[in-house]
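*Asks:* Counting with mature numbering (1 follows the signal peptide of the UniProt record, and there is no 0), you get residues -28 to -1, 1 to 184 for the letters of the sequence shown. We put the beta carbon where it would ideally sit given N, CA and C, even for glycine. Model, not experiment: these values are computed from the prediction. Attaching a single structure in structure tokens format; questions to follow.
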Amino acid sequence: MLCTWRTSDLRLLLTLIVFLVVVNTSLSVPVDTKAVFDCPPIPLTSVVVTTWQIILRDKLSCTRAYRRDRNETKEGNCTDERIIWASRPDENLALQIDPVATTHDGFYMCQMVTPDGNFHRGYHLQVLVPPEVTLLQSKNGTAVCRAAAGKPAAQISWTPEGDCVTEREHWANGTVTIQSTCRWEDHPLSNVSCSVSHVTGNKSLSLELTQG
């Protein structure tokens, strides 16, 4: 039997599909820079209400909303003055953070209500922090390479390879310190290099070993 659909039925089905589909994006941003989150590409004249929902680590959910017919904005539980509208919401519904800090790790979702359905776009934000890299020789003749307070954790390698022990320390702000301690007892060396790999950039340091 031929199945027929009324226009109203098709419109209802399309609305339900649009309501249920959520587009989520992973976004990595360096600390102390600006992050901008865009809403779905819907004409502003079609939008009734836009709501940004912000879920941060260990904090209450924050919302910022704009109602177009009244040109009215509202907010709830939003205490961070760095998270604001990127421009006037009657011109641009994007959200921005300036500058970004490690406390801004979280989920940001734009929800748009239109006569044709609800549209969503979400962002999983990860804030990147470059580690502070140091290389030194300890009193017992070992070399210590340290990548402090990086986010995510850095990776350390040595040239030439030695007998190494790696320690990891996690901090409350989500950063991680990696420390690698190496010795070359069987093959005395005059010079070693420590290479630190990180998503924000790589760094290599060299050390001239002194024989104690």
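Please name the residue, chosen from V171, W143, S167 and N163, that lies closest to E180 on a Cα-to-Cα basis.
*Replies:* N163
*Asks:* Measure the C-alpha to C-alpha separation of S152 and T5 and round it to an integer number of angstroms.
*Replies:* 30 Å
*Asks:* For A73, which option in K123, Y95, D41 and L65 has the closest C-alpha, if you only look at C-alpha atoms?
*Replies:* When only C-alpha atoms are compared, the closest one is K123.
*Asks:* So the beta strand (DSSP E) T138 belongs to, where does it begin and stop?
*Replies:* D135 to H142
*Asks:* Would you kindly report the start and end of the unbroken beta strand (DSSP E) that includes V164?
*Replies:* Run containing V164: N163 to S169, per the beta strand (DSSP E) assignment.
*Asks:* Give me the Cα-Cα distance between F(-10) and D52, rounded to the nearest whole angstrom.
*Replies:* With a pLDDT of 49 at F(-10), under the threshold of 50, the predicted position of this residue should be treated as unreliable, and no value is reported.
*Asks:* In the structure shown, what three-state DSSP assignment does T74 receive?
*Replies:* helix
*Asks:* For S165, which of T172, V171, R155 and G173 has the nearest alpha-carbon?
*Replies:* R155
*Asks:* Can you tell me the Cα-Cα spacing of E104 and R54, whole angstroms?
*Replies:* 25 Å
*Asks:* Please list the terminal residues of the continuous beta strand (DSSP E) segment that includes residue 185.
*Replies:* Because residue 185 is not part of the residues shown, which for the chain are -28 to 184, the question remains open.
*Asks:* Any idea if Q183 is buried or exposed, counting beta-carbon neighbours within 10 angstroms, 16 or more meaning buried?
*Replies:* exposed
*Asks:* So what does DSSP say about M(-28), is it helix, strand or coil?
*Replies:* Confidence is the limiting factor: at M(-28) the pLDDT is only 41, short of 50, which leaves the residue's position unreliable and the question unanswerable from this model.
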